[in-house]
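Residue 69 in full-length UniProt numbering sits at position 69 of the sequence shown, with consecutive numbering throughout.
Just below is one structure, and these are the notes that go with it.
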Amino acid sequence: MTPLTMYIVSDSVGETADLVAKAAISQFRHDVDTVSMKRFANVDNLKQIEEIALLAQRQQALIVHTLVKSEMRDAMAHYAMENGVQAIDLIGPIVDMISGRLEESPFEEPGLVRQLDDDYFKKIEAIEFAVKYDDGRDPRGILLADIVLVGVSRTSKTPLSQYLAHHRYKVANVPLVPEVEPPEELLQIDPKRCFGLVISPEKLNFIRKERLIALGLKDDASYAKVSRIEREIEHFEKVVERVGCRVINVTNRAVEETANIILEQIEQLKQ
């Protein structure tokens, strides 16, 4: 069997070209020593392209590349032809086709797919975190969170946690009730990363009654009584005063509005 040398060339890390080349090689019977692959990553100038083509000529190598810049792709095609080297452009034809259909020029910026992958996995991680540390299930999450939400029941802590998680923030939320002391971890975090959610007693009374009805229960339970709600809010105010966190009134605010207030403060902390 004739030995084959493959050059994997990329202006980023070269993972895409490497995977495609390996997928193609897997379709043939070959010994481990029959096919050798060499990766040239982060190729960012025309001189490198010329040198790779010359080296490929000497070693009779096949070039497989994912160069996103048209200038680099054109140079590879030129030097490969000049040196009698076979070069396969894995990304150029697809980019050109998409560009034509969208009537839009590509960014031609290396590594964007990697950035998108990292962004996706950060979002998934944040969503899983929000589920794991929802409703005070594990106070240890308070110390690990980027954002901590505290409030009485039915102040949109859970949907707000999920919304913020989709912005790649790890969020823990803690329900406050008069009969239970707040977790010690609340007093150990940066108060600028903690937000108290408060709502008017009248609005909360309406929400809780609707919740009880939806569950098939009577709407006159203690949970929905104004006296009980006022007691919970009083307890809430004492806790957030100890924590020293910002309080947001969510009475007539959509989740998105509340989230934007929180995101604005969190972004300022990064500056």
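In this text, a Cβ means the ideal position worked out from N, Cα and C, and glycines have one as well.
- For H167, there is no enclosing alpha helix (DSSP H), as DSSP marks it with neither H nor E.
- Within its own chain, the residues whose Cβ lies closer than 8 Å to the Cβ of S99, once the five positions on either side in sequence are excluded, are S105 and P106, listed in chain order.
- Runs of alpha helix (DSSP H) with 4 or more residues, each lying fully within the stretch 34 to 122, are found at 46 to 59, 70 to 82 and 92 to 102, listed in chain order.
- DSSP places R246 in the uninterrupted beta strand (DSSP E) bounded by R246 to N249.
- For P139, same chain residues with a beta-carbon under 6 Å away, outside a window of 5 residues either side, are P183 and E185 in chain order.
- Secondary structure remark: continuous alpha helix (DSSP H) runs of at least 4 residues inside the stretch 140 to 211, in chain order: 140 to 144 and 157 to 165.
- In this model, G244 and P191 are separated by some 6 Å (Cα to Cα).
- Following the DSSP letters along the chain, one finds S222 in no beta strand (DSSP E), marked with neither H nor E.
- Y223 and D135 have their alpha carbons spaced roughly 17 Å apart.
- Here F236 is buried, its C-beta having at least 16 other C-beta atoms within 10 Å.
- Judged by DSSP in its simplified three-state form, V239 adopts helix.
- Burial state of A23 is exposed, judged by a 10 Å Cβ sphere holding fewer than 16 other Cβ atoms.
- Per DSSP, reduced to three states, the secondary structure at T16 is helical.
- With a 10 Å radius around the Cβ and a threshold of 16 neighbouring Cβ atoms, T251 comes out exposed.
- The beta carbon of S36 is closer than 8 Å to those of P3, L4, T5 and M6 in its chain, skipping five residues each way along the sequence.
- The stretch 118 to 132 makes no contact with the stretch 41 to 55: fewer than 3 CB pairs, one atom from each, lie closer than 8 Å.
- Collapsing the DSSP output to three states places L217 in coil.
- Contact annotation: S161 and A130 have beta-carbon atoms nearer than 7 Å.
- Here S10 is bridged, per DSSP, to T66.
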